[in-house]
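Note that the numbering used here has the sequence shown beginning at 18, numbered continuously upward. Beta carbons are placed, not taken as given, at the ideal position from N, Cα and C, and that holds for glycine. For reference, the structure discussed in these notes is given below.
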Amino acid sequence: MSTARSLLGLQETDQQLAMRRRSYRQIVEELESEGGIPELKSALERARIRELELKLEAARNESEAATLRDRVKQLEERLYSGAITNVRELTAIETEHNTARRELARVDEAIAPSKLAAEEADQVHDRLKTDLAEKEQVWAVRRKELLKERSRIGSEYKKIGAERESATEGISPLDLEVYNALLPRMNGVAVVKVDRGVCLGCRVRLPIGEISRMQNAVGLVNCSSCGRILLTE
């Protein structure tokens, strides 16, 4: 049982190492995410492009409307000047005039919605710029905290790792191999105690013969149910 007890102590050390590895990975992942700033920058750039597109569309509508108004005015001046006496020419100008007026009405109708869409896009862009500035300030503080925490955990990990090396010196390579194989399969719990005949790993009551064998065994004894290394007081 002395080997099982030594392995139990080693397991506690390994659990501390595993906990710090998880914490370290979480910190690294958060550092790599940069607090969501890259995603927000991408959203801001998309909003900027969208704003420019909508402003361009609004300006294009106004420009087109101005051109059409001039064209309608020119056509009306020709129609009502009395200078055109040819019926065919007069009909052609009337047709062009009606077409220009319809097109002007269509463009005029599109101006207000296009301006509104551009204004809304401008508001979205401004809001994202504000959000980005605030998030960058928060992230600057958070990043310093994470770097400090990463350094602390890294130092602790090295220290505990050195302690683990010392803890394995008195354990035979074969027993250590059994333990190392069990540890990941059993979710970090390879060695468990036996309490009043019950394996605390799987909560199954052990046969009396197995308890006697465990008490008299020189080497390691595994639970016949879950396979973990057993330790009895």
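DSSP places V208 in no alpha helix (DSSP H) but in the uninterrupted beta strand (DSSP E) bounded by 208–212. Using a Cβ distance threshold of 7 Å, E74 and S131 count as a contacting pair.
Cβ-Cβ separation between I188 and L24: approximately 7 Å, consistent with a contact (criterion under 8 Å). Per DSSP, reduced to three states, the secondary structure at I188 is coil, with no helix or strand assignment. For I101, there is no enclosing beta strand (DSSP E), as DSSP marks it with neither H nor E. The Cβ neighbour count for G99, taken over all protein chains shown within 10 Å, is under 16; the residue is labelled exposed. C-alpha of Q32 to C-alpha of E46: approximately 21 Å in a straight line. Distances from the alpha-carbon of E93 to those of M36, K72, A117, N103 put A117 closest. Secondary structure at L217: coil, using DSSP grouped into helix, strand and coil. Within 10 angstroms of the beta-carbon of N78 lie 16 or more other beta-carbons, which makes it buried. Check the Cα spacing between R86 and each of L121, Y97, E68, I246: the tightest is with L121. When beta bridges are read from the DSSP output, I246 appears opposite V208, N239. Beta-carbon to beta-carbon, D148 and L57 are separated by about 6 Å, close enough to satisfy the 8 Å threshold.
As a beta-bridge residue in DSSP terms, R222 pairs with V215. A Cβ-Cβ distance of about 5 Å is found for the pair L237 and I246, placing them in contact under the 8 Å criterion. In the displayed model, M203 falls within coil according to three-state DSSP, outside both helix and strand. Taking every protein chain shown into account, the CB of I101 has fewer than 16 other CB atoms within 10 angstroms, so this residue is exposed. Rounded to the nearest angstrom, the gap between the Cα atoms of G53 and K72 is 29 Å.
Nearest C-alpha to S229 among L248, G218, G205: L248. Note on geometry: alpha-carbon atoms of I128 and T84 lie some 14 Å from one another.
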